[in-house]
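Input: a single structure, listed below in structure tokens.
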Amino acid sequence: MDMAKGSLGRTTAAAVAAGILLALAGCDGGDGSGSEDGGAAVIAPGRPGEKARTLSPEEAAKAQPDDSPNAADRAYVRHMVEHHRQALTMSALAPERASADGVKRLAERISAAQKPEIGAMEKWLARYPAPSGAPEGGHDHAAMPGMATEAQLSRLTAARGPEFDGLFLTLMTAHHEGAVKMAGEALAAGNNGAVEEMANEVVATQTAEIHRMRAMG
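Using the numbering used here, you'd call the opening residue of the sequence shown number 1 and step up by one each time.
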């Protein structure tokens, strides 16, 4: 499944779930509109050309799509926290080392966007801990595309002026491209709606910044 198909499939399921309308509430009103057990009747719109169905509350609950997090969701969020943290480390160097105002402003935008994203992802991880006995996995930088090596970070830290500007744009462009790739993999293999939203935000934001950095370089 590619990124578009994965996202479309979950979006369609969500739309179907949203279309289940609570049409008649309360106990049996005597007009035949309630469910057989006197509970609320739920109208589920049919597909094009099909009639709507009347469901019991229990049946309607079962019709909701299951977006329980899977291993791909958890791996993506855990790795993206680490990925974002390196972007913050790199961006924190810009105020004292960059010479171009555009590079400084870019670093500020990256920090302003990714700090709250890390907070949101950490809250998600706390809400959806890995099942007991499931491997958490390590923080292997080589497994995360776009991550700068220790040698590259040392060179960036030592650079000043135009040298820093060029190296920062090169490394951060690669970093963003890696994040977009990771987000695409999560959209294809993940199952959780919140993770889908986070991944789509990464794709939209960082793709725009990639174009901006290429223009600056």
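Just so it is clear, CB atoms sit at the ideal spot from N, CA and C, and this is done for glycine as well.
Less than 8 Å separates the beta-carbon of R97 from that of R160. The Cβ-Cβ distance between M90 and A174 does not fall below 8 Å.
Measuring C-alpha to C-alpha distances from A126 to each of A94, A183, V77 and H83 identifies V77 as the nearest.
Residue ranges of uninterrupted alpha helix (DSSP H) with 4 or more members, entirely inside the segment 127-198 and ordered along the chain, are 150-158 and 161-189. Bounds of the alpha helix (DSSP H) holding D73 are A71 to S91. The Cβ atoms of E82 and M182 do not sit closer than 8 Å to each other. Around the C-beta of G119, fewer than 16 other C-beta atoms lie within 10 Å, and the residue is accordingly described as exposed. Between the segment 191-202 and the segment 69-76, the count of C-beta pairs closer than 8 Å reaches three or more; the two stretches touch. In this chain, the alpha helix (DSSP H) harbouring E96 covers A94 to R97. Straight through space, the alpha carbons of R74 and D165 are spaced by roughly 34 Å.
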